[in-house]
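*Asks:*
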Amino acid sequence: MDDEFGLHKILESLSTKQLHNLIEHLILKNPDVRHLLLEWYKERIEKSAGSSEKEICTELNDELLMEYWNYASSIIYEFNEYGGGPEDEEDTAYEWLDRISEVIEEGNISHEAKIDFMDYAFIEYDKYNSGFEDSLAEIFFELCETDKEWKYLITKLGQHPSDWKNTLIMKILKDHLHDDDAYLKFRLKDLEYGNDYWELASFYAKRGNTEKAVETAETGLLEGKGRLTELFEFLFDHFTKMGDIDNAERIARSALERGKDEKKMLDKLFEYYRSQGNYEKARDALLSAFVYVHYSDVYKEYQKMKNYLKKEEWNGVEPEIFSSLRNKNIIAYLQVCMDKNMKPEVLDILLDIQKGSSTLRSVDEIDKFAVKLKDEFPREIIEYYWQKAYCNILGGNRKTYRIAETYLIRVKEIYIGILHEKPVWDERLNSLKVEFKRRPAFLEEISKFST
Numbered sequence: 012m013d014d015e016f017g018l019h020k021i022l023e024s025l026s027t028k029q030l031h032n033l034i035e036h037l038i039l040k041n042p043d044v045r046h047l048l049l050e051w052y053k054e055r056i057e058k059s060a061g062s063s064e065k066e067i068c069t070e071l072n073d074e075l076l077m078e079y080w081n082y083a084s085s086i087i088y089e090f091n092e093y094g095g096g097p098e099d100e101e102d103t104a105y106e107w108l109d110r111i112s113e114v115i116e117e118g119n120i121s122h123e124a125k126i127d128f129m130d131y132a133f134i135e136y137d138k139y140n141s142g143f144e145d146s147l148a149e150i151f152f153e154l155c156e157t158d159k160e161w162k163y164l165i166t167k168l169g170q171h172p173s174d175w176k177n178t179l180i181m182k183i184l185k186d187h188l189h190d191d192d193a194y195l196k197f198r199l200k201d202l203e204y205g206n207d208y209w210e211l212a213s214f215y216a217k218r219g220n221t222e223k224a225v226e227t228a229e230t231g232l233l234e235g236k237g238r239l240t241e242l243f244e245f246l247f248d249h250f251t252k253m254g255d256i257d258n259a260e261r262i263a264r265s266a267l268e269r270g271k272d273e274k275k276m277l278d279k280l281f282e283y284y285r286s287q288g289n290y291e292k293a294r295d296a297l298l299s300a301f302v303y304v305h306y307s308d309v310y311k312e313y314q315k316m317k318n319y320l321k322k323e324e325w326n327g328v329e330p331e332i333f334s335s336l337r338n339k340n341i342i343a344y345l346q347v348c349m350d351k352n353m354k355p356e357v358l359d360i361l362l363d364i365q366k367g368s369s370t371l372r373s374v375d376e377i378d379k380f381a382v383k384l385k386d387e388f389p390r391e392i393i394e395y396y397w398q399k400a401y402c403n404i405l406g407g408n409r410k411t412y413r414i415a416e417t418y419l420i421r422v423k424e425i426y427i428g429i430l431h432e433k434p435v436w437d438e439r440l441n442s443l444k445v446e447f448k449r450r451p452a453f454l455e456e457i458s459k460f461s462t
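With my numbering applied, the sequence shown covers 12 to 462.
The structure is reproduced here in structure tokens:
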């Protein structure tokens with residue numbers, strides 16, 4: 012406390028020149044002092060928001076923009092040199108880039124400072140080897156406000172062309188400068204992937220030129236590489252809206268023949284035929300779509316078919332569909348088994364999985380079925396939970412011990428609440444403590460259990 016009081020007295024005794032010399036000395040010894048001083052002074056100025064102070068804030072933001080960039084760029088430079096770097100340095104660089112974004116978001120940055128920043132930042136951006144390129148591009152887009160600044164950014168992007176930079180230039184022309192002619196000139200020279208054609212088709216569609224949008228989408232299906240999803244969906248939706256079912260079916264067949272987005276197109280066919288009251292075609296589309304159903308949607312798709320198909324038709328196809336569920340999604344299969352009151356089958360699968368003889372994305376997903384079975388099969392579910400607890404104790408760390416504890420709590424609830432066998436629970440718990448007596452962390456985790 013005395014030292015602090017002494018330092019305070021020393022600072023009070025310094026003249027303006029001496030304080031100036033002290034600050035310069037501190038900056039020389041520790042460059043961090045510079046941005047800390049700027050931040051301190053900016054905070055002080057912002058408390059009095061007069062017009063002259065606002066001008067000072069612009070100057071401070073200009074300086075802070077470059078200060079923060081100096082810190083970030085030193086790391087990005089190293090990452091560019093070696094094509095990467097330590098994770099902790101990467102995190103630090105992102106922190107400085109976040110600070111840059113915060114300054115930009117506040118506003119009050121001069122046009123000159125923005126241009127200077129882009130000039131310096133593009134030195135590292137154009138090397139394209141650091142992994143920070145996407146974050147830098149986001150900052151460039153945050154920085155620009157006026158047409159003049161957007162055009163300058165286009166100039167910088169065009170100095171070292173690439174497909175991605177061309178994409179950014181087109182985005183600026185279309186969304187920020189609203190220069191349709193320049194955008195089209197650029198876009199028409201760069202049509203290779205399905206997404207390129209989709210972007211152009213949506214451009215025409217948003218401007219009311221449906222004929223050109225359809226023409227572009229059709230060409231994209233023939234010539235576009237890679238993903239074509241949006242093109243298929245756009246054309247299908249367009250033709251069904253126009254009542255042109257022949258062309259809609261042609262687009263759907265094309266998607267199926269090319270092995271592209273089968274499920275989406277069959278779903279669209281189903282919804283269209285259902286809306287038109289065409290049960291037979293809707294049914295066929297629905298049944299065909301089940302082949303392509305995503306893992307997580309299997310049960311929902313099963314219910315969808317069950318609810319739509321006529322009872323006699325559903326009874327005819329359901330056994331084969333039910334049988335296929337086990338390979339598609341064991342969780343969906345178990346849920347349907349519960350719906351059918353096939354509880355012994357569910358129990359057998361749970362115990363089989365617990366032994367490790369079946370595969371499952373996440374074994375914990377089946378716990379919900381154990382909860383539903385505990386009243387009818389308490390002893391079997393006790394062993395299911397006990398083995399899960401035991402395996403987690405063997406894992407040997409605080410995290411797995413806590414998981415084990417949750418399963419032991421469930422075991423206790425069944426022994427005491429359902430079977431009314433507290434002595435058996437006490438005996439098993441004590442045996443477990445003896446077996447793992449050399450694991451104090453585990454014993455601490457389960458110390459809340461009363462025997």
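Note that CB positions come from ideal geometry on N, CA and C, so glycine has one too. Owing to the predicted nature of the structure, the values given are computational and were not obtained by experimental measurement.
(1) Kindly give me the distance between the Cβ atoms of residue 183 and residue 195, rounded to whole angstroms, as I take these residues to be in contact under 8 Å.
(2) Could you tell me which of 277, 339, 281 sits nearest to residue 306, measuring between CA atoms?
(3) Pop quiz: residue 214 and residue 143 are said to be a contact at Cβ under 8 Å. What is the actual Cβ separation, rounded to whole angstroms?
(4) Please report the straight-line C-alpha distance between residue 325 and residue 298, rounded to a whole angstrom.
(5) Can you say whether residue 457 is buried or exposed, counting buried as having 16 or more other CB atoms within 10 angstroms of its CB?
(6) Contact check, residue 135 vs residue 204 under 8 Å by CB: the rounded distance?
(7) Are the region 261-277 and the region 223-241 in contact at 8 Å, needing three or more beta carbon pairs?
(8) Roughly how many angstroms separate the alpha carbons of residue 403 and residue 396, rounded to a whole number?
(9) May I ask which residues mark the beginning and end of the alpha helix (DSSP H) holding residue 424?
(10) Please classify residue 382 as buried or exposed, where buried requires at least 16 neighbouring CB atoms within 10 angstroms.
(11) Going by DSSP, which residues form a beta bridge with residue 236?
(12) Quick check: what's the CA-CA separation for residue 450 versus residue 444?
(13) For the alpha helix (DSSP H) that contains residue 389, what are its first and last residues?
(14) Here's the rule I'm using: 16 or more other beta-carbon atoms within 10 Å means buried, otherwise exposed. How should residue 418 be labelled?
(15) Looking only at its own chain, which residues have a Cβ that is under 7 Å from the Cβ of residue 280, when we skip the five neighbours before and after it?
(16) Is DSSP giving residue 122 helix, strand or coil here?
(17) Roughly how far, in whole angstroms, is the beta-carbon of residue 160 from the beta-carbon of residue 185, given that I think they are within contact range, below 8 Å?
(18) Using the Cα positions of residue 244 and residue 335, report the straight-line distance between them to the nearest angstrom.
(19) Do residue 179 and residue 132 have their C-beta atoms within less than 8 Å of each other?
(20) What separation, rounded to the nearest whole angstrom, lies between the Cα atoms of residue 333 and residue 177?
(21) Report, in whole angstroms, the separation of the C-beta atoms of residue 79 and residue 107, which I expect to be a contact under 8 Å.
(22) So, helix, strand or coil for residue 323, using DSSP?
(23) According to DSSP, is residue 353 helix, strand or coil?
(24) Taking one C-beta from the region 356-363 and one from the region 309-327 each time, how about it: are there three or more such pairs within less than 8 Å?
(25) Quick check: the Cα distance between residue 32 and residue 48, rounded to an integer number of angstroms?
(26) Going along the chain, which residues of its own chain have a beta-carbon closer than 6 Å to the beta-carbon of residue 392, five neighbours each way excluded?
(27) Are the Cβ atoms of residue 120 and residue 76 separated by less than 8 Å?
(28) Applying the criterion that 16 or more other CB atoms from any shown protein chain within 10 Å of the CB defines a buried residue, is residue 251 buried or exposed?
(29) Comparing alpha-carbon positions, which option in 398, 376, 344 lies nearest residue 366?
(30) So, residue 111 versus residue 86, is the Cβ gap smaller than 8 Å?
(31) Does residue 26 come out as helix, strand or coil in the three-state DSSP assignment?
(32) Give the straight-line distance between the Cα atoms of residue 442 and residue 311, rounded to the nearest whole angstrom.
(33) In this structure, how does DSSP classify residue 333 when only helix, strand and coil are distinguished?
(34) Just to confirm, are residue 274 and residue 303 a CB contact at a threshold of 8 Å?
(35) At what residue ranges does the region 250-322 contain a whole run of the alpha helix (DSSP H), taking only runs of 4 or more?
(36) DSSP three-state label for residue 428, please.
*Replies:* Looking at the coordinates:
(1) So it is not a contact: roughly 14 Å between Cβ atoms.
(2) Comparing Cα positions, the closest option is 339.
(3) Not confirmed; about 30 Å, so no contact.
(4) Counting only the Cα atoms, residue 298 lies some 10 Å from residue 325.
(5) By the C-beta density criterion, residue 457 is buried, having at least 16 other C-beta atoms within 10 angstroms.
(6) The beta-carbon separation of residue 135 and residue 204, rounded to 28 Å, does not stay under the 8 Å limit for a contact.
(7) The region 261-277 makes contact with the region 223-241; the number of CB pairs closer than 8 Å reaches 3 or more.
(8) Approximately 11 Å, taken between the alpha carbons.
(9) From DSSP, the alpha helix (DSSP H) with residue 424 extends over 409-424.
(10) Around the beta-carbon of residue 382, fewer than 16 other beta-carbon atoms lie within 10 Å, marking it exposed.
(11) Answer is 204.
(12) Roughly 9 Å between the two C-alpha positions.
(13) Run containing residue 389: 389-406, per the alpha helix (DSSP H) assignment.
(14) Classification of residue 418: buried, given that the 10 Å Cβ count is 16 or more.
(15) Short of 7 Å from the beta carbon of residue 280, and not among the five residues preceding or following it, lie these beta carbons of its own chain, in chain order: 263, 296.
(16) Of the three classes helix, strand and coil, the one that applies to residue 122 here is helix, per DSSP.
(17) Between residue 185 and residue 160 the Cβ distance is about 17 Å, and since that is not below 8 Å, they are no contact.
(18) If you take the alpha carbons of residue 244 and residue 335, they lie about 29 Å apart.
(19) Against a cut-off of 8 Å, the Cβ pair of residue 132 and residue 179 comes out as no contact.
(20) Straight through space, the alpha carbons of residue 177 and residue 333 are spaced by roughly 51 Å.
(21) Cβ atoms of residue 79 and residue 107 come within 8 Å of each other, at about 5 Å.
(22) DSSP places residue 323 in helix when its eight states are reduced to three.
(23) Residue 353 falls in the coil class under three-state DSSP.
(24) Contact between the region 356-363 and the region 309-327 is absent: fewer than 3 CB-CB pairs across the two stretches fall below 8 Å.
(25) Cα to Cα, the separation comes out at about 14 Å.
(26) 381, 384, 385, listed in sequence order.
(27) It is a contact, given that the beta carbons lie within the stated cut-off.
(28) Looking at its Cβ environment, which holds 16 or more other Cβ atoms inside 10 Å, residue 251 is buried.
(29) If you compare the alpha carbons of 398, 376, 344 with that of residue 366, the shortest gap goes to 398.
(30) At least 8 Å separates the beta-carbon of residue 111 from that of residue 86.
(31) In the three-state reduction of the DSSP assignment, residue 26 falls in the coil class.
(32) Those two C-alpha atoms are separated by around 45 Å.
(33) Residue 333 falls in the helix class under three-state DSSP.
(34) Result yes, Cβ atoms of residue 274 and residue 303 sit closer than 8 Å.
(35) Listed in chain order, they are 256-268, 273-286, 290-300, 309-319.
(36) Correct three-state label for residue 428: helix.
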